[in-house]
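A.B. asks: Structure in C-alpha cells, see below.
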Amino acid sequence: MDIRQSSGVYVIRMPNDAAEDDDSLLHSEVGPFEMLQARQLLESNIAAFAAKMATKADIENLRRTLEQEQRAIIANDESGDNDKMFHLLIAGATQNQMLLDTVKSLWQRRDASPLWQQLHSRIATKGYRLKWLADHQNILAALRRRDVMGSYQAMWQHMENIKGTLMELSDVDAPEFDGYLFESVPIFQGKLV
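Residue numbers for the sequence shown follow full-length UniProt numbering, so the first one is 1 and each next one is one higher.
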C-alpha cells in the first residue's frame, strides 16, 4: 500500500497467497544475534509457562531427548536435531499450539539463515555442546520442579551462553555482524529490572 496525503490509499501489490508471504519471511535475512535476542525473550517466557503446564509425559519426552543428545555428543554425532527437539518439546509442553508454532517458525528461520549456518559451522568442539547440554539439564530440572522463575532463568542463561559463545567465534569486522546491536537486555528475571 502507498498512502499519499490528500490523494488517498493506493494498493501497489496484492499478495498472491499466504504461502508466498510465508516463503518471503523465511528468506528475509535476520542476523544471528537478532534471532537469538528474539529467541531469548520468547523462549524464556515459554519455559516459564511450560513449568506450570507440562505433563508427566512432556517431562519424560524431554528427559529422553536429553539422553539422546548426550549420546550424540559422546559419539561426536552432529547429525541429530536433539537441540531443536528439546526446544520444541518445551514449547509443546505449554499445551498451546500457537506458542509451539512460534518456536517452530524461529527454528525454521534459523535453519534457513546462511548467516546462522556460517557462524554455527565454527562450533567444532564437544566443549560447547557439553556446556549447552548442561544448560538443557538445568532447564529440565527447573521444569520438573515446576519452578516457573527457575525455568525462565535457566532458559535465559542458556541463551546468554549461546550468545557468548557465538560472540567469541564471530568475525566482528564482517559487514553482516550484528552482535553489537543486541546486547543482553534483561527484561524480567525475578523482578522488574
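Ideal Cβ positions, reconstructed from N, Cα and C, are used throughout, including at glycine.
Could you check what DSSP says for residue 96 in three-state terms: helix, strand or coil?
C.D. replies: Stepping through the sequence shown from its first residue, residue 96 is reached at position 96. The answer is coil: DSSP assigns residue 96 none of H, G, I, E or B.
A.B. asks: Among the residues of its own chain, which have a CB less than 7 Å from the CB of residue 155, if the five just before and after it don't count?
C.D. replies: Position 155 of the sequence shown, counted from the start, is the residue given in the question as residue 155. 43, 44, 47 and 139.
A.B. asks: Considering only residues of the segment 109-180, which uninterrupted alpha helix (DSSP H) runs meet the minimum length of 4 residues and lie entirely inside it, listed in chain order?
C.D. replies: The qualifying runs are 114-120, 126-144 and 148-169.
A.B. asks: For residue 80, which residues of its own chain have a beta-carbon under 8 Å away from its beta-carbon, when the five flanking residues on both sides are left out?
C.D. replies: In the sequence shown, residue 80 corresponds to position 80, counting from 1. For residue 80, where only same-chain residues beyond five positions count, the Cβ hits under 8 Å are 68, 69 and 72.
A.B. asks: Check this for me: beta carbons of residue 136 and residue 66, under 7 Å apart or not?
C.D. replies: Start at 1 with the first residue of the sequence shown, and residue 136 comes out as number 136. Start at 1 with the first residue of the sequence shown, and residue 66 comes out as number 66. Against a cut-off of 7 Å, the Cβ pair of residue 66 and residue 136 comes out as a contact.
A.B. asks: Can you tell me whether residue 75 is buried or exposed, with buried defined as 16 or more other CB within 10 angstroms of its CB?
C.D. replies: One-based indexing of the sequence shown puts residue 75 at position 75. With fewer than 16 Cβ atoms within 10 Å of its Cβ, residue 75 is classed as exposed.
A.B. asks: How about residue 116 and residue 84: do their beta carbons lie closer than 7 Å?
C.D. replies: Residue mapping note: residue 116 aligns to position 116 of the sequence shown, counting from 1. Residue mapping note: residue 84 aligns to position 84 of the sequence shown, counting from 1. Their beta carbons are not under 7 Å apart, which means residue 116 does not touch residue 84 by this criterion.
A.B. asks: Name the two residues that bound the continuous alpha helix (DSSP H) containing residue 65.
C.D. replies: If you number the sequence shown from 1, residue 65 lands on position 65. Residue 65 -> alpha helix (DSSP H) spans 56-74.
A.B. asks: Please confirm if the segment 52-66 is in contact with the segment 90-99, defined as three or more CB-CB distances below 8 Å between the two stretches.
C.D. replies: Verdict: yes, contact present.
A.B. asks: For residue 82, which option in 94, 114, 133 and 103 has the closest C-alpha, if you only look at C-alpha atoms?
C.D. replies: In the sequence shown, counting from the first residue as 1, residue 82 sits at position 82. Selected option, being the one with the closest Cα: 133.
A.B. asks: Which residue marks the beginning of the alpha helix (DSSP H) containing residue 34, and which one marks its end?
C.D. replies: By one-based count along the sequence shown, residue 34 stands at place 34. From DSSP, the alpha helix (DSSP H) with residue 34 extends over 32-53.
A.B. asks: Does the beta-carbon distance from residue 53 to residue 97 come in below 7 Å?
C.D. replies: By one-based count along the sequence shown, residue 53 stands at place 53. By one-based count along the sequence shown, residue 97 stands at place 97. The answer is no: Cβ separation not under 7 Å.
A.B. asks: Checking 7 Å against the spacing of the C-beta atoms, do residue 35 and residue 110 come in under that value?
C.D. replies: Within the sequence shown, the letter at position 35 stands for residue 35. Within the sequence shown, the letter at position 110 stands for residue 110. Yes, the pair counts as a contact, with Cβ atoms nearer than the cut-off.
A.B. asks: Give the straight-line distance between the Cα atoms of residue 128 and residue 176, rounded to the nearest whole angstrom.
C.D. replies: Against the sequence shown, residue 128 aligns to sequence position 128. Against the sequence shown, residue 176 aligns to sequence position 176. Answer to the nearest angstrom: the Cα atoms are 23 Å apart.
A.B. asks: When you compare the CB positions of residue 147 and residue 50, do they come within less than 7 Å of one another, or not?
C.D. replies: Within the sequence shown, numbered from 1, the residue matching residue 147 stands at position 147. Within the sequence shown, numbered from 1, the residue matching residue 50 stands at position 50. Not in contact: residue 147 and residue 50 (Cβ atoms no closer than 7 Å).
A.B. asks: Which word fits residue 105, buried or exposed, when buried means at least 16 other C-beta atoms lie within 10 angstroms of its C-beta?
C.D. replies: As a position in the sequence shown, residue 105 is number 105, starting the count at 1. Looking at its Cβ environment, which holds fewer than 16 other Cβ atoms inside 10 Å, residue 105 is exposed.
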